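Participant: Attaching a single structure in structure tokens format; questions to follow.
Protein chains: 2
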Amino acid sequence: MVKKWQKLASEKLADYRIFTVWRDKRLSPRTGREHDFFVLDSNDWINVIPVTAEGKVVLIHQFRHGTGQVTIEIPGGIVDLEDGDPSVAARRELMEETGYVADEVIHIGTVEPNPAFLNNKCHTYLALNARRVQAPQFDGAEDIAVEEADLAEIRKMTEDGRIAHALVIAAFYHFNRYQARQLNGSKLID
Amino acid sequence: MVKKWQKLASEKLADYRIFTVWRDKRLSPRTGREHDFFVLDSNDWINVIPVTAEGKVVLIHQFRHGTGQVTIEIPGGIVDLEDGDPSVAARRELMEETGYVADEVIHIGTVEPNPAFLNNKCHTYLALNARRVQAPQFDGAEDIAVEEADLAEIRKMTEDGRIAHALVIAAFYHFNRYQARQLNGSKLID
Numbered sequence: 001m002v003k004k005w006q007k008l009a010s011e012k013l014a015d016y017r018i019f020t021v022w023r024d025k026r027l028s029p030r031t032g033r034e035h036d037f038f039v040l041d042s043n044d045w046i047n048v049i050p051v052t053a054e055g056k057v058v059l060i061h062q063f064r065h066g067t068g069q070v071t072i073e074i075p076g077g078i079v080d081l082e083d084g085d086p087s088v089a090a091r092r093e094l095m096e097e098t099g100y101v102a103d104e105v106i107h108i109g110t111v112e113p114n115p116a117f118l119n120n121k122c123h124t125y126l127a128l129n130a131r132r133v134q135a136p137q138f139d140g141a142e143d144i145a146v147e148e149a150d151l152a153e154i155r156k157m158t159e160d161g162r163i164a165h166a167l168v169i170a171a172f173y174h175f176n177r178y179q180a181r182q183l184n185g186s187k188l189i190d
Numbered sequence: 191m192v193k194k195w196q197k198l199a200s201e202k203l204a205d206y207r208i209f210t211v212w213r214d215k216r217l218s219p220r221t222g223r224e225h226d227f228f229v230l231d232s233n234d235w236i237n238v239i240p241v242t243a244e245g246k247v248v249l250i251h252q253f254r255h256g257t258g259q260v261t262i263e264i265p266g267g268i269v270d271l272e273d274g275d276p277s278v279a280a281r282r283e284l285m286e287e288t289g290y291v292a293d294e295v296i297h298i299g300t301v302e303p304n305p306a307f308l309n310n311k312c313h314t315y316l317a318l319n320a321r322r323v324q325a326p327q328f329d330g331a332e333d334i335a336v337e338e339a340d341l342a343e344i345r346k347m348t349e350d351g352r353i354a355h356a357l358v359i360a361a362f363y364h365f366n367r368y369q370a371r372q373l374n375g376s377k378l379i380d
């Protein structure tokens with residue numbers, strides 16, 4: 001049985017806008033020794049799989065500054081204070097990044113982006129009957145192209161590495177589980 | 191067509207052991223304006239799905255300092271300079287964290303943990319005929335319990351949130367795709 005480590009101290013080291021960095025001092029329950037760990041504090045994130053009436057998924061292409069490459073992803077972003085519920089953030093990011101709205105937004109899973117050093121969660125939504133109602137609204141640092149793809153093509157993209165964002169892959173894992181539950185007629189777990 | 195942003199400058203801000211933080215200045219190809227972005231530089235990571243001869247998957251329980259909770263995961267870690275190939279890191283972490291070895295280690299997928307602000311990749315391996323040969327070897331900050339679970343139980347754990355690490359969920363996505371390809375008798379893409 002693995003035990004929790006008691007937190008002895010926590011010091012804020014830096015503010016990098018999308019997260020703050022903290023040094024936490026914790027006590028090992030196994031050895032009784034103290035260790036320092038760096039932890040990033042961030043708001044929760046959301047991402048959303050928008051599916052059109054024709055069964056296509058709305059994907060976005062954007063330049064990503066971590067890898068320095070243009071990626072293919074689903075819409076997503078940070079839950080703002082004003083959003084309140086993460087499903088509101090899902091609808092907002094869908095509109096901002098693609099100009100699409102949806103009839104229904106269903107929570108299909110929640111993951112921890114990296115429990116080793118991030119303290120937040122990423123909530124995944126399925127947006128049904130997604131349809132374009134206006135042009136996307138970019139903030140100064142965004143530049144997004146929108147594409148609709150069917151699920152067989154998306155499977156190929158995940159296998160050949162064109163879709164590689166771990167949170168997008170995790171979203172499709174939960175989408176597949178959601179579909180399997182629907183087929184089995186079983187109740188949703190979450 | 192989304193264009194790449196030209197990098198104008200890059201400044202190292204901090205070294206947090208598991209990653210360094212950089213401020214990159216880049217030029218928007220859409221607006222011609224400069225923007226600053228925070229980027230974490232990290233070695234690549236690996237994780238590994240160890241499957242025993244009986245078809246069980248080897249899971250680990252450990253305290254995670256980002257979320258402050260005990261998680262259920264598959265073995266994984268950072269590719270060290272001495273590892274060279276990431277498959278070597280996969281075998282090393284499997285041994286260190288569980289005390290298991292495997293006959294064959296197969297690359298089944300690679301993801302980008304977060305292309306928005308991390309520059310690294312995470313390589314996922316399937317380890318076949320995994321078996322315990324010794325006790326795990328913990329470093330000072332580790333305290334790990336090992337569990338074997340069958341795939342139906344793991345599916346449940348991903349659905350009820352007991353398994354929530356995004357990179358672990360992504361690993362099982364690629365494991366499912368690998369199994370589907372094996373069933374179809376098609377050639378591996380990667």
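Chains F and H supply the protein sequences, listed in that same order.
At position 7 of the first sequence the residue is numbered 7 (the numbering used here), and the sequence of numbers has no breaks.
Each number in the numbering used here corresponds to the 1-based position in the second sequence with 190 added.
Even glycine gets a Cβ: it sits at the ideal position worked out from N, Cα and C.
Treat the numbers as computed from the prediction; the structure is a model and nothing was measured.
With H, G and I counted as helix, E and B as strand and the rest as coil, what does DSSP make of Tyr178(F)?
Facilitator: As a working mapping, residue 178(F) is identified with position 178 in the first sequence. Three-state DSSP puts Tyr178(F) in a helix.
Participant: Please classify Leu188(F): does DSSP put it in a helix, a strand, or coil?
Facilitator: As a first step, residue 188(F) is located in the first sequence; it is residue number 188 there, counting from the start. A caution first: Leu188(F) carries a pLDDT of 45, below 50, which makes its placement in the model unreliable, though a value can still be read off. Leu188(F): coil per DSSP, three-state reduction.
Participant: Check each candidate in Lys121(F), Trp22(F) and Asp24(F) and name the one with the smallest Cα separation from Val79(F).
Facilitator: Position 79 of the first sequence, counted from the start, is the residue given in the question as residue 79(F). For the residues Lys121(F), Trp22(F) and Asp24(F), the minimum Cα distance to Val79(F) belongs to Lys121(F).
Participant: When we look at the beta-carbon of Leu249(H) and count the other beta-carbons within 10 Å, is it buried (16 or more) or exposed?
Facilitator: Taking the second sequence and counting its residues from 1, one reaches residue 249(H) at position 59. When all chains shown are included, Leu249(H) counts as buried.
Participant: Looking at Leu151(F) and Val2(F), is the spacing between their C-beta atoms short of 8 Å?
Facilitator: Start at 1 with the first residue of the first sequence, and residue 2(F) comes out as number 2. Start at 1 with the first residue of the first sequence, and residue 151(F) comes out as number 151. No, these two residues do not count as a Cβ contact at 8 Å.
Participant: Tell me where the beta strand (DSSP E) around Ala339(H) begins and ends.
Facilitator: Translated into the one-based positions of the second sequence, residue 339(H) becomes position 149. Run containing Ala339(H): Ile334 to Ala339, per the beta strand (DSSP E) assignment.
Participant: Under three-state DSSP, which class holds Ile359(H)?
Facilitator: Counting from 1 along the second sequence, the entry for residue 359(H) is found at position 169. Helix.
Participant: If I'm right that Ala331(H) touches His35(F) with Cβ under 8 Å, what's the distance once you round it to whole angstroms?
Facilitator: Taking the first residue of the second sequence as position 1, residue 331(H) is located at position 141. Taking the first residue of the first sequence as position 1, residue 35(F) is located at position 35. Their Cβ separation, rounded to whole angstroms, is 5 Å, which keeps Ala331(H) and His35(F) in contact under 8 Å.
Participant: Whole angstroms is fine: what's the gap from Ala280(H)'s alpha carbon to Gly266(H)'s?
Facilitator: The residue given as residue 280(H) occupies position 90 in the second sequence. The residue given as residue 266(H) occupies position 76 in the second sequence. When rounded, the distance between both Cα atoms is 7 Å.
Participant: With a cut-off of 8 Å on the beta carbons, I'd call Arg239(H) and Leu316(H) a contact; round off their distance for me.
Facilitator: Stepping through the second sequence from its first residue, residue 239(H) is reached at position 49. Stepping through the second sequence from its first residue, residue 316(H) is reached at position 126. A small fix is needed here, since residue 239(H) is Ile in this sequence, not Arg. Correct: roughly 5 Å between the Cβ atoms.
Participant: Can you tell me whether Leu188(F) is buried or exposed, with buried defined as 16 or more other CB within 10 angstroms of its CB?
Facilitator: Start at 1 with the first residue of the first sequence, and residue 188(F) comes out as number 188. Caution applies to Leu188(F), whose pLDDT of 45 falls short of 50 and renders its modelled position unreliable; the model cannot decide the point.
Participant: Verify whether the separation of the beta carbon atoms of His313(H) and Ile236(H) is less than 8 Å.
Facilitator: In the second sequence, the residue the question calls residue 313(H) occupies position 123. In the second sequence, the residue the question calls residue 236(H) occupies position 46. Cβ atoms of His313(H) and Ile236(H): closer than 8 Å.
Participant: If distances are taken between C-alpha atoms only, which option among Gly109(F), Ala145(F) and Asp83(F) comes closest to Gly99(F)?
Facilitator: Counting from one through the first sequence, the residue named residue 99(F) turns up at place 99. Of the listed residues, the one whose Cα sits closest to Gly99(F) is Ala145(F).
Participant: Between the beta-carbon of Arg26(F) and the beta-carbon of Phe38(F), is there less than 8 Å?
Facilitator: Position 26 of the first sequence, counting from 1, holds the residue named residue 26(F). Position 38 of the first sequence, counting from 1, holds the residue named residue 38(F). The answer is no: Cβ separation not under 8 Å.
Participant: Less than 8 Å between the beta carbons of Thr257(H) and Pro29(F), yes or no?
Facilitator: Taking the first residue of the second sequence as 1, we reach residue 257(H) at position 67. Taking the first residue of the first sequence as 1, we reach residue 29(F) at position 29. Cβ distance not < 8 Å, so Thr257(H) and Pro29(F) don't count as in contact.
Participant: Which residues, in chain order, does the stretch 301 to 328 of chain H contribute to contact with chain F at a C-beta distance below 9 Å?
Facilitator: Correct list: Val301, Glu302, Pro303, Asn304, Pro305, Ala306, Phe307, Leu308, Asn309, Asn310, Lys311, Cys312 and Phe328.
Participant: What beta strand (DSSP E) runs, 3 residues minimum, are completely inside the stretch 51 to 123 of chain F?
Facilitator: If we require 3 residues or more, the beta strand (DSSP E) runs fully inside the stretch 51 to 123 of chain F come out as 57 to 64, 69 to 73, 76 to 78 and 104 to 111.
Participant: Among all the DSSP beta bridges, which residues are the ones paired with Trp212(H)?
Facilitator: Counting from one through the second sequence, the residue named residue 212(H) turns up at place 22. Bridge partners of Trp212(H): Lys202(H) and Val229(H).
Participant: Whose C-alpha, out of Trp195(H), Lys194(H), Asp214(H) and Gln196(H), is nearest the C-alpha of Lys202(H)?
Facilitator: Within the second sequence, the letter at position 12 stands for residue 202(H). Measuring from the Cα of Lys202(H), the nearest candidate turns out to be Asp214(H).
Participant: Does the distance from the CB of Trp5(F) to the CB of Phe328(H) come in under 8 Å?
Facilitator: Your numbering for residue 5(F) matches position 5 in the first sequence. Your numbering for residue 328(H) matches position 138 in the second sequence. Not closer than 8 Å, so no.
Participant: With distances taken from CA atoms, which of Trp22(F), Ile72(F), Glu96(F) and Arg33(F) is nearest Arg194(F)?
Facilitator: The structure shown does not extend to residue 194(F), since chain F is modelled only from 1 through 190, so no value can be given for it.
Participant: Kindly indicate if chain H contains any beta-carbon less than 8 Å away from that of Asp24(F).
Facilitator: Locating residue 24(F) in the first sequence gives position 24, where the first residue counts as 1. Interface residue, yes.
Participant: Identify whether Ala127(F) lies in helix, strand or coil by the three-state DSSP scheme.
Facilitator: Along the first sequence, one-based indexing puts residue 127(F) at 127. Ala127(F) falls in the strand class under three-state DSSP.
Participant: Would you list, in chain order, the members of the stretch 80 to 95 of chain F that have their beta-carbon closer than 8 Å to a beta-carbon of chain H?
Facilitator: Against chain H - using a Cβ distance shorter than 8 Å - the stretch 80 to 95 of chain F contributes no residues.
Participant: Could you please give me the residues that DSSP links to Arg132(F) through a beta bridge?
Facilitator: Your numbering for residue 132(F) matches position 132 in the first sequence. BP columns for Arg132(F) point to Tyr100(F).
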